[in-house]
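Structure record follows, encoded as structure tokens.
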Amino acid sequence: MQISTIKSDNNLSDAPMLGDHLAMDLLNTQAVDNGNTVEYWHSDNDVLHWLARYDITPAAGGGAFKPGELLTQAKALRLLAHRLISEFRSGTVQDISGLNEYLHAYHSVLHLQYNKETNTLALNRVASGGTIASLLGPVAEAIAQLLVEGDATLVKQCEHPDCILWFYDRTKAHKRRWCSMALCGNRYKAAQFRKRSSS
């Protein structure tokens, strides 16, 4: 899959945000490009940059942890999410204790926020500390919510043979096939057209 994304501050391509669900986008922090695995996370800063794209940032004065610790725990959560979501799709969710460890370590508080533009109030959950658990807690919560509230038949992987990206199919007819029509959908159509033209 040819991955066209914006560049982050560290000159690496950002992971695509095509999953229509935070848990799906977590899985999409690894992709395939021309048969090679693409890893979007190489440092704590890469993980922090990815989290910031979802408005998950360390609390004021937080973010102090050993170098590489956030990267290690984020990759472990991604691996756990991959297993749990794969099991969810097949209806065989087994051991959830690992996810509960992330959820139990996540300390948060409810925060009432006023939006001046819409003149409305919103109740949000925000981290109450700057620990790794507080940073990864919202991601773990998104995985748990998917497992509890999601429809397993709507958890899909792109149908392009060279793509491994995941998405939650929120389309009206639930017939979405591609991570992105602009990426894999058009590539598939072009390949089919070439195949017909050469026949």
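Residues 313 to 511 in the working numbering are what the sequence shown spells out, letter by letter. Beta carbons are placed, not taken as given, at the ideal position from N, Cα and C, and that holds for glycine.
Beta-carbon proximity check, residue i vs residue j, cutoff 8 Å
i: GLY410; j: LEU392; result: yes
i: ILE455; j: LEU363; result: no
i: TYR414; j: ALA452; result: yes
i: PHE377; j: ILE444; result: yes
For residue i: DSSP bridge partner residues
i: GLN342; result: GLU351
i: VAL438; result: VAL421
i: ASN431; result: None, per the DSSP bridge assignment.
Bounding residues of the alpha helix (DSSP H) (the contiguous stretch that carries residue i)
i: TYR414; result: 409-417
i: LEU477; result: No alpha helix (DSSP H) contains LEU477, which DSSP labels as neither H nor E.
i: LYS387; result: 381-402
i: GLN457; result: 444-461
i: VAL359; result: 356-364
Whole-Å CB distance - residue i paired with residue j, under 8 Å assumed
i: THR341; j: ALA327; result: 4 Å
i: LEU383; j: LEU448; result: About 11 Å separates the two Cβ atoms, so there is no contact after all.
i: LEU459; j: VAL405; result: 6 Å
i: LEU422; j: LEU433; result: That pair is no contact at about 12 Å.
Limits of the unbroken beta strand (DSSP E) element including residue i
i: VAL467; result: 467-469
Any C-beta of chain D under 8 Å from that of residue i
i: HIS423; result: Here chain D cannot be found, since the structure has a single protein chain.
(request) Give a yes or no on contact between the segment 469-476 and the segment 488-497, applying the rule of three or more CB pairs nearer than 8 Å. (result) With a cut-off of 8 Å, the segment 488-497 and the segment 469-476 count as touching, because enough Cβ pairs lie within range.
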